[in-house]
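The block underneath contains the structure these notes are about, expressed in structure tokens.
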Amino acid sequence: MQTKDILLELRTNKKLTQEELAQKLFVTRQAVSRWESGETTPNTETLKMLSKIFGVSINTILGSPLKLTCQCCGMPLDNNSISRETDGTFNEEYCKWCYAEGKFVYSNIEELMNFLTEHMSNENFPPEQARAYFSEFLPKLKHWNKD
208 MQTKDILLEL
218 RTNKKLTQEE
228 LAQKLFVTRQ
238 AVSRWESGET
248 TPNTETLKML
258 SKIFGVSINT
268 ILGSPLKLTC
278 QCCGMPLDNN
288 SISRETDGTF
298 NEEYCKWCYA
308 EGKFVYSNIE
318 ELMNFLTEHM
328 SNENFPPEQA
338 RAYFSEFLPK
348 LKHWNKD
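To get this note's numbering, take the position in the sequence shown, counting from 1, and add 207.
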């Protein structure tokens, strides 16, 4: 789906007119119309406001061009698992379980590794194998990578 189609769908699902959305964004109704026709695309600041109004990530508005993963634990991210900042905007780098209310949940990599090993291991992925995997994988993520 293209951005123009996504914006139209999000607006109509919220039962907003172009005029009502324009007022919330401090733009003209014509600007909203141009976005929905594909003539133009909202700027970065407007995309942030749209994200907050519609409760979806900027990537969703742009047609999900990137596959996001939590840069703390490596979990794939979608609109239901992406963390939010204290002002309600999405933080597309972390899941809501690693970053909540503007703070990181895990104070060190060992704490996260213990949690993941306990909760992700099973008969096909025993704790020793899980720990070895996470020991190699987690340090490559942005949050833990010190290089």
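We treat Cβ as the ideally placed atom computed from N, Cα and C, and that holds for glycine.
Exposed unless 16 or more other CB atoms sit within 10 angstroms - verdict on residue i
i    : result
Q278 : buried
N352 : exposed
F176 : With the chain covering only 208 through 354, there is no way to say anything about residue 176.
E325 : exposed
T210 : buried
M320 : buried
F233 : exposed
S244 : exposed
P334 : exposed
P346 : exposed
Whole-number beta carbon distance between residue j and residue i, since they are thought to touch under 8 Å
i    : j    : result
E299 : N266 : 6 Å
V263 : N287 : V263 to N287, Cβ: 10 Å. No contact.
E226 : R236 : 5 Å
Closest Cα partner of residue i within the set the options
i    : options                   : result
E292 : F233, Y306, N286 and A229 : Y306
L296 : E252, P333 and F311       : A quick correction: the sequence has Thr, not Leu, at residue 296. Nearest C-alpha to T296: E252.
Q230 : I213, M256 and P346       : M256
K349 : L217, G309, L275 and R236 : L275
A238 : M208, I289 and L215       : L215
M208 : K259, L345, S258 and I268 : I268
I213 : M327, G309 and T248       : T248
P283 : T235, G270 and Y301       : Y301
Strand pairing of residue i, partner residues [DSSP]
i    : result
K310 : A307
S271 : For S271, which the question treats as bridged, DSSP gives no partner whatsoever.
L332 : In the sequence under discussion, the amino acid at residue 332 is Phe, which differs from the Leu named in the question. Per DSSP, N329.
K297 : Looking at the sequence shown, residue 297 is not Lys but Phe. DSSP output for F297 lists R291 as bridge partner(s).
C302 : I289
T248 : DSSP output for T248 lists no bridge partner at all.
P283 : T276
### Query
For the segment 334-341 against the segment 313-326, are there 3 or more C-beta pairs whose distance is under 8 Å?
Touching, per the Cβ criterion.
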